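J.: Here you go, one structure.
What follows is the structure in structure tokens.
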């Protein structure tokens, strides 16, 4: 998936490629653990089950990642699907999350998500209070 | 449901097969979206990359799920791995999370996790402030 993703980036217009490269270099890919700042900051935990078939979902998901990464306050994202999908995006404030939720293209994606891409989902907005790791 | 669940567990702490069945019936399996109460409540977001080979990891993971589900304040868990692994466990309070972190068997699992099962991980403790879904 990483390889596919990179190949796709090479085909993009310069500006988008540059943007995506920034995402890759500074925020990591979705299969990396996000490099987030010292807490407190915020997370949106999106847990979902897909409907059958793609129906334009893959393209939308890529586009939403590009758009989210351009939003003020975006800190990173981690995403995995194996039946159940869990995507956690990280943000500097609740205001940044609200702005992203109101983004016009994202609103359309939310509408289509409810209508055809997800059979079930749950969105949880959380304040990260502490973190640690290896 | 919470009360019923806890009572059931107290009646048969040593019958792990039955316990697992109850976990599945009352809290959902890890591939379901957790049925959590009205916020506020807490989450532990565990993002990780595994080392090569199993080395006892699968057995430990099953055992930790059983143990976690018996902890006071456990609300549910969602877990997915596809290269990157994301496990989100939900708890009623920070105190319940601290108790779970101090559990003797869990401490040993944490030690082995750092030593041999994970090449990289990040633990984020978060307060769920709001949620919505389909």
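Residue numbers (my numbering), protein chains in the order written: chain A, 1 to 134; chain B, 1 to 134. C-beta atoms are modelled at their ideal positions from N, C-alpha and C, and glycine is treated no differently. Owing to the predicted nature of the structure, the values given are computational and were not obtained by experimental measurement.
1) Is the beta carbon of residue 88 (chain A) sitting closer than 8 Å to the one on residue 131 (chain B)?
2) By the criterion of Cβ-Cβ separation under 7 Å, what are the contact partners of residue 122 (chain B) in chain A?
3) Is it true that the CB of residue 77 (chain A) sits closer than 8 Å to the CB of residue 68 (chain A)?
4) Taking just the CA atoms, how far does residue 71 (chain A) sit from residue 98 (chain A)?
5) Just mark residue 111 (chain B) as buried or exposed, buried being the case when its beta carbon has 16 or more other beta carbons within 10 Å.
6) So what's residue 29 (chain B) in DSSP terms, helix, strand or just coil?
7) What are the uninterrupted segments assigned as alpha helix (DSSP H) that are 4 or more residues long and contained completely in the region 84-117 of chain A, given in chain order?
8) Give the interface partners of residue 114 (chain B) over in chain A, defined as CB-CB distance under 8 Å, in chain order.
9) Of all the residues that make up the region 66-82 of chain A, which are near chain B by a beta-carbon distance shorter than 9 Å?
10) Mapping DSSP to helix, strand and coil, what is residue 82 (chain A)?
11) Tell me whether the beta-carbon of residue 94 (chain B) lies closer than 8 Å to the beta-carbon of residue 31 (chain A).
12) Closer than 9 Å between beta carbons: that is the criterion. Which residues of the region 88-103 of chain A meet it against chain B?
13) For residue 126 (chain A), would you say it is in contact with chain B, using Cβ-to-Cβ distances shorter than 8 Å as the test?
T.: Once the coordinates are examined:
1) Not a contact, by the Cβ cut-off of 8 Å.
2) Neighbours of residue 122 (chain B) in chain A, taken as residues at a C-beta separation under 7 Å, are given in chain order as 33, 131 and 133.
3) Yes; because the gap between Cβ atoms is below 8 Å, this pair is in contact.
4) Cα-Cα distance, rounded: 11 Å.
5) Residue 111 (chain B) should be labelled exposed.
6) Coil, per DSSP.
7) For the region 84-117 of chain A, whole alpha helix (DSSP H) runs of length 4 or above, ordered along the chain, are 94-102 and 104-112.
8) What residue 114 (chain B) touches in chain A: 134.
9) Shown in chain order are the members of the region 66-82 of chain A whose Cβ falls below 9 Å from a Cβ of chain B: 78, 79, 80, 81 and 82.
10) Residue 82 (chain A) carries a strand assignment under DSSP once its states are collapsed to helix, strand and coil.
11) Not in contact: residue 94 (chain B) and residue 31 (chain A) (Cβ atoms no closer than 8 Å).
12) Listed by position along the chain: 88, 90 and 94.
13) At least one CB of chain B lies nearer than 8 Å to the CB of residue 126 (chain A).
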